[in-house]
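Scroll down for the structure; my scribbles are underneath it.
Residue numbers (the UniProt record's numbering): 1 to 141.
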């Protein structure tokens, strides 16, 4: 694969933000950050255009164990969607709060629907789903 050089013009404030993101992300140079940003946007566009696309995902959320029946409901949702659930891990944050991380595989739309189900349960404080397409032109360059 050949590498092409491009020129990008940014105002000084935006460039300062870009350089800060590169520094905070431990990037060796601006090009690495720019490539990562393009890859992320490309993956998002691919998933949006093809919701049936096979993906891997990580769903993480924080929940309150004091909410009556919440842990049972979360576990039932996991069992009802066993075909997409690959692994789970629960971390105790303190006496009442836990963070659960769920590894999923399947069609992007099915993974998003499951995430919406878990995140909408009363007692789930916040969370996020990170989808990664399993195909679509990934490269190391």
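C-beta: ideal position from N, C-alpha, C; glycine also.
Please read all numbers here as calculations on a predicted model, not as lab measurements.
Ranges of the alpha helix (DSSP H) found wholly within the segment 54–127, counting only runs of at least 4: For the segment 54–127, the continuous alpha helix (DSSP H) assignments of 4+ residues that do not extend past its boundaries occur at 70–80 and 108–119, in sequence order.
- prompt: Around the C-beta of residue 20, are 16 or more other C-beta atoms found within 10 angstroms, so that it is buried, or is it exposed?
  reply: Flag for residue 20 reads exposed.
Own chain partners of residue 140 with C-beta closer than 6 Å, once the 5 adjacent residues on each side are dropped: Summary for residue 140: the model assigns pLDDT 41, below 50, so the residue's position carries little reliability, and this model does not support an answer.
message: Check this for me: beta carbons of residue 161 and residue 129, under 9 Å apart or not?
response: Limits of the chain in this structure are 1 at one end and 141 at the other, which puts residue 161 out of reach.
The alpha helix (DSSP H) enclosing residue 38, as first and last residue numbers: Segment 30–49, the alpha helix (DSSP H) holding residue 38.
query: How long is the line joining the alpha carbons of residue 70 and residue 116, rounded to whole angstroms?
result: Approximately 15 Å, taken between the alpha carbons.
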